[in-house]
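Visitor: The structure that follows is given in the form of structure tokens.
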Amino acid sequence: MTEERSVDLSGGLEDVPVLCEALTRPTFKYSTDNVQGPGCSVDPSEVTLPGCSCISHSCHPETCSCLQTSGKAYDDTGRLLNLDGPESGYSSPVFECNALCTCSDTCSNRVVGRGLRLRLEVCRTKSKGWGVRTSEEIPRGTFVCEYAGEVISFAEAKRRQLSQRAEENNYIIAVREHAGTGSVTETFVDPARAGNVGRFLNHSCTPNLYMLPVRIHSAIPRLALFARRCIHAQEELTFDYSGRYGAQKPVEALSGDGLKRKQCHCGSVNCARFLPLDLSILS
Numbered sequence: 000m001t002e003e004r005s006v007d008l009s010g011g012l013e014d015v016p017v018l019c020e021a022l023t024r025p026t027f028k029y030s031t032d033n034v035q036g037p038g039c040s041v042d043p044s045e046v047t048l049p050g051c052s053c054i055s056h057s058c059h060p061e062t063c064s065c066l067q068t069s070g071k072a073y074d075d076t077g078r079l080l081n082l083d084g085p086e087s088g089y090s091s092p093v094f095e096c097n098a099l100c101t102c103s104d105t106c107s108n109r110v111v112g113r114g115l116r117l118r119l120e121v122c123r124t125k126s127k128g129w130g131v132r133t134s135e136e137i138p139r140g141t142f143v144c145e146y147a148g149e150v151i152s153f154a155e156a157k158r159r160q161l162s163q164r165a166e167e168n169n170y171i172i173a174v175r176e177h178a179g180t181g182s183v184t185e186t187f188v189d190p191a192r193a194g195n196v197g198r199f200l201n202h203s204c205t206p207n208l209y210m211l212p213v214r215i216h217s218a219i220p221r222l223a224l225f226a227r228r229c230i231h232a233q234e235e236l237t238f239d240y241s242g243r244y245g246a247q248k249p250v251e252a253l254s255g256d257g258l259k260r261k262q263c264h265c266g267s268v269n270c271a272r273f274l275p276l277d278l279s280i281l282s
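Take the sequence shown: its position 83, counted from the start at 1, is 82 in numbering that gives the first Met the number 0, and no numbers get skipped.
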């Protein structure tokens, strides 16, 4: 894609332009961060988490209150640690330094909060509609982009899901976080109307990205996507819509509610044939 034939889809909101073909670009409101949607009682942009009082160039787990909350998530270059995940299948919570912290802007615990740093392109694919590819090589563990959009309630997510036509794309991501003793926190993000480059990422049964909830300013998590392996330039970027990191089991074409699942065109050897469908939103 040449710059002469493309425009910055973010309209200058990102520090790095998100290129897209000028003649066929989709229409939606670009937002670099989550925005408050129907049913969401908290403004995701409001700073509600405390900051650390570190005065060093980069925070240390021994003295930083942010790192003491969740442990060190990144190495000194900002790449995600423990990318393979624990044996339990659950990832540890991540709390980054925020606007109230006194540490340097280059602190290694500031990664997702710095925003997009890679050159990404929104482009047409052969069989999956829009997609995203990278213009540069991405090392394993690197933060790639967020999946940002409207943060909505369960009731609103269900309403939108039920009112959706068969030919429409389903953008809603439901993230469930478990905090022991049966405590579950749910976050629903829908970038259909307002979102960022992440809304164009396609599903793959063998994805090259890994989604991880990260908290910075707010208790509402940012849905951050990291490279689960080294990614080559011009390679399409994908993640598993089901949230599973490993292999997934095949699913049926019809759910128990009679809803027809959409076919998966990821082309993976272990393709499950149909896109994941979260029926809990419809229950």
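For each residue, glycine too, the CB sits at the ideal point set by N, CA and C.
Just to confirm, is the Cβ distance from T105 to C53 under 9 angstroms?
Guide: Not a contact, by the Cβ cut-off of 9 angstroms.
Visitor: With distances taken between CB atoms, is the gap from T186 to L222 smaller than 9 angstroms?
Guide: Yes, the Cβ-Cβ distance between T186 and L222 is below 9 angstroms.
Visitor: Report buried or exposed for G140, applying the criterion of at least 16 other Cβ atoms within 10 angstroms of its Cβ.
Guide: Label assigned to G140: buried.
Visitor: Sort out for me which residues DSSP pairs T184 with in a bridge.
Guide: E176.
Visitor: In the DSSP assignment, the alpha helix (DSSP H) including C65 goes from what residue to what residue?
Guide: Per DSSP, C65 belongs to the alpha helix (DSSP H) from S64 to S69.
Visitor: Among L236, A178 and R113, which has the Cα closest to the Cα of T31?
Guide: Ranking the options by Cα distance to T31, first place goes to R113.
Visitor: Quick check on DSSP: helix, strand or coil for A156?
Guide: Three-state result, A156: helix.
Visitor: Leaving out five residues on either side along the sequence, give the residues of the same chain with a beta carbon under 8 angstroms from the beta carbon of R116.
Guide: The residues are D14, V15 and F142.
Visitor: Please work out which residues of its chain come closer than 7 angstroms, Cβ to Cβ, to L99, disregarding the five sequence neighbours upstream and downstream, and give them in chain order.
Guide: Within the same chain, L99 has close Cβ partners V46, P49 and G50.
Visitor: Since L224 and Y146 should fall inside the 8 angstroms C-beta cutoff, what is the C-beta to C-beta distance between them, to a whole number of angstroms?
Guide: With 8 angstroms as the limit, L224 and Y146 qualify as a contact, their Cβ atoms being about 6 angstroms apart.
Visitor: V41 and R214 look like a contact to me (Cβ under 8 angstroms); what is the Cβ gap, rounded to whole Å?
Guide: Contact flag wrong, Cβ pair sits at about 12 angstroms.
Visitor: If you follow the beta strand (DSSP E) that A223 is in, where does it begin and where does it stop?
Guide: Here the beta strand (DSSP E) through A223 covers R221 to A226.
Visitor: Between P275 and D239, is the Cβ-Cβ spacing less than 9 angstroms?
Guide: Yes; because the gap between Cβ atoms is below 9 angstroms, this pair is in contact.
Visitor: Going by beta carbon distance, what residues of the same chain come within less than 6 angstroms of C58, once the five residues before and after it are set aside?
Guide: The residues are L66, C102, C106 and N108.
Visitor: Using a Cβ distance threshold of 8 angstroms, determine whether the segment 190-205 contacts the segment 120-140, with at least three qualifying pairs required.
Guide: At 8 angstroms Cβ cutoff, the stretches touch.
Visitor: Can you check which of these residues, G10, A72 and R159, is closest to P25 by C-alpha distance?
Guide: Closest by alpha carbon: G10.
Visitor: What is the rounded straight-line gap between the Cα of E20 and the Cα of A72?
Guide: In a straight line, the C-alpha of E20 is about 36 angstroms away from that of A72.
Visitor: Using the beta-carbon count (16 or more within 10 Å), is S267 buried or exposed?
Guide: So S267 ends up on the exposed side.
Visitor: Among the candidates L208, L18, C144 and K157, whose CA atom is the shortest distance from the CA of S241?
Guide: For the residues L208, L18, C144 and K157, the minimum Cα distance to S241 belongs to L208.
Visitor: Kindly list the residues whose CB is nearer than 6 angstroms to the CB of E149, restricted to its own chain and excluding five residues on each side of it in sequence; keep chain order.
Guide: Answer for E149: V34, G36, D189 and A193, listed in chain order.
Visitor: Suppose you measure from the CA of R4 to the CA of A156; what does that come to, to the nearest Å?
Guide: One C-alpha to the other measures close to 36 angstroms.
Visitor: Nearest CA to the CA of T76: which residue from N269, V110, T62 and S152?
Guide: The residue with the shortest Cα to Cα distance from T76 is V110.
Visitor: So what's L161 in DSSP terms, helix, strand or just coil?
Guide: Three-state result, L161: helix.
Visitor: Roughly how many angstroms lie between the CA atoms of R78 and R228, to the nearest whole one?
Guide: Cα to Cα, the separation comes out at about 12 angstroms.
Visitor: Leaving out the 5 sequence neighbours to the left and right, which residues in its chain are closer than 8 angstroms to P60 when beta-carbon positions are compared?
Guide: Cβ neighbours of P60 beyond the five flanking positions: L66, Q67, G70 and K71.
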